[in-house]
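Encoded structure:
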C-alpha cells in the first residue's frame, strides 16, 4: 500500500554516484526497491537501494552537452551540474522514494518554502502544476521562482522539477539554481526528462545486514513515549510526520510539537537548520556560525545539540520561537521540534525535553 509522504524529507535525502561521464554517454543505475541502505562509501556509490516493494529497475539517461555528473549525496540516484554564465551553475538531483506518495499541494509548498514564498492553497497549487513527458510516460511539472535574491544574495532562485510515479515508486527530478541558468536550460532539461529510461524489473539482490522496507517503516513509526497531559495529539499529523501535538494555554497562546525521522543523518545539521530558519523567515547561516545556535543538552546519557531560534513563523505570520533536537538512533535521525508563541515555548521547554527523554525506540541497540 502506498504511504502518503510529503516532500519535506525528499529535499534532505540522497546517495553518492560516480562522476566524469561524457555528455553523449548513456548512464545506467540500479535502483533496488526491496532494500533501504544507509549512506555508503563512494566506491559503492554506483548502486544504492531505496525502500519499497518489488524488484530492481535500472535507470539510464543521456546528458545534454556541457552537463556533468557530480558525486551525489546521501540517497540520490544521480546529481548533475548544469553550467551557466559567469561560472554559475544549476543542479539536478534524482531521488526515488518507493511505496510513498505526496500531494501536489505538499510538494509545491515545501519548495515554495525553500524559495521563501508564502504557501499556496490546494486549488491554486493544483492549477499551477502542468504535465510533462518523462521517459515513455507523463509526470507533473513544477516551475517556481523566488522573488528575492537567495543565491549569494545576488541571484533569484528557480526550481524546475518533474515528479513521476512508476510501479509504486515516486521519482523526483529537480533542477534548481540561479533563475537565468535554469531558464536557459529548460529545453535541455525537457529533453533530459524524455531520455530517462527504466529497464524491466529484475530480481532484487539480498543483503543480510540491510533492513527491509517493512522493518524500516516499523522503526520509523512505532516509538513509545510519555505524552504530557496538556498536549493534544493529532490523529492525522501530516506528511512526513510520525506525530504532532498541539499546545494551548489559558490565554490562547499556541504552540506545536512535531516528530519525524529520516534515514542516516537526515541531510546534515547545516541544511536542516537553514530550512528551519526559513520557516521562521530568518536568513541562512554558514557552517562557521552554526555552533553558535546550539547548546548541548543531556538526552538519556548522550549530549545532543538543541537549536533555539526566534523569528516570524511563516505558517501564521506571528512572532515565534523554535526549539529542535536531532537524535540519531539505529541508522536514523529523529527530529523533535517545538514551535509557537515565544513565551509558551519558553514555559514548555523542560516539558519538551522530558518528553524527548521518555522516547523508547524499537530496534535501538
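In my numbering, the protein residues as written are 156 to 520. Each residue gets a CB set at the ideal place from its N, CA and C atoms; glycine is no exception. This structure is a prediction, so every number in the text was calculated from the model and none was measured.
How would you write the range of the beta strand (DSSP E) that residue i sits in, first residue to last?
i, result
"residue 431", "Residue 431 -> not in any beta strand (DSSP E); alpha helix (DSSP H) instead, spanning 424 to 434."
"residue 487", "487 to 495"
"residue 477", "474 to 484"
"residue 515", "Here residue 515 belongs to no beta strand (DSSP E), and DSSP marks it neither H nor E."
"residue 313", "310 to 321"
"residue 416", "409 to 418"
"residue 470", "Note, residue 470: premise wrong, no beta strand (DSSP E); not H, not E."
"residue 240", "Taken as a continuous stretch (DSSP letters only), residue 240 belongs to no beta strand (DSSP E), as it is neither H nor E."
"residue 326", "324 to 333"
"residue 403", "398 to 403"
"residue 451", "449 to 454"
Alpha helix (DSSP H) containing residue i: first to last residue?
i, result
"residue 291", "First-last for residue 291: undefined, no H or E at that position."
"residue 442", "Unbroken run through residue 442: none, as it is neither H nor E."
"residue 343", "341 to 350"
"residue 465", "Where residue 465 is concerned, there is no enclosing alpha helix (DSSP H), although the beta strand (DSSP E) it sits in stretches over 457 to 467."
"residue 524", "What the structure shows of the chain is the stretch from 156 to 520, and residue 524 is not part of that stretch, so it cannot be assessed."
"residue 281", "277 to 283"
Measuring CA to CA, which of the options is closest to residue i?
i, options, result
"residue 397", "325, 503, 492", "492"
"residue 277", "245, 264, 447", "264"
"residue 309", "333, 390, 297", "333"
"residue 290", "399, 353, 303", "353"
"residue 473", "458, 495, 489", "495"
"residue 386", "262, 307, 509", "509"
"residue 483", "463, 299, 515, 283", "515"
"residue 250", "346, 223, 418, 325", "325"
"residue 443", "266, 381, 424", "424"
"residue 305", "486, 438, 478", "438"
"residue 420", "400, 391, 486", "486"
"residue 588", "407, 292, 239", "The structure shown has nothing for residue 588, since the chain only spans 156 to 520."
Excluding the 5 residues flanking residue i on each side, which residues of the same chain have their C-beta closer than 7 Å to its C-beta?
i, result
"residue 503", "402, 410, 493"
"residue 340", "237, 245, 330"
"residue 455", "512"
"residue 198", "With a pLDDT of 29 at residue 198, under the threshold of 50, the modelled position of that residue is not reliable, and the figure given next carries that caveat. For residue 198, where only same-chain residues beyond five positions count, there are no Cβ hits under 7 Å."
"residue 404", "499"
"residue 351", "214, 216, 289, 290"
"residue 429", "439, 440"
Please list, in chain order, all residues of the same chain as residue i whose beta carbon is under 6 Å from its beta carbon, the five residues on each side excluded.
i, result
"residue 506", "383"
"residue 436", "466, 467, 469"
"residue 434", "469"
"residue 153", "The requested residue 153 is not part of the displayed model; the chain covers only 156 to 520."
"residue 96", "Nothing about residue 96 can be reported from this structure: the residues present for the chain run from 156 to 520 only."
"residue 316", "297, 329"
"residue 294", "287, 317, 318, 319"
"residue 490", "415, 481"
"residue 223", "236"
"residue 448", "462"
What does DSSP give as the partner residue(s) for residue i in the beta ladder?
i, result
"residue 386", "Bridge partners of residue 386: none, in fact."
"residue 252", "325"
"residue 233", "249"
"residue 353", "214"
"residue 300", "313"
"residue 224", "235"
"residue 286", "295"
"residue 379", "515"
Apart from the five residues just before and just after residue i, which ones in its own chain have a Cβ nearer than 8 Å to its Cβ?
i, result
"residue 301", "270, 271, 272, 311, 312, 313, 334"
"residue 497", "465, 474, 475, 476"
"residue 459", "451, 452, 453, 480, 481, 482"
"residue 281", "259, 260"
"residue 267", "273, 274, 275, 299"
"residue 501", "476"
Verify the CB distance criterion: does residue i have a CB-CB separation below 9 Å to chain B?
i, result
"residue 297", "Here there is only one protein chain, and chain B is not present."
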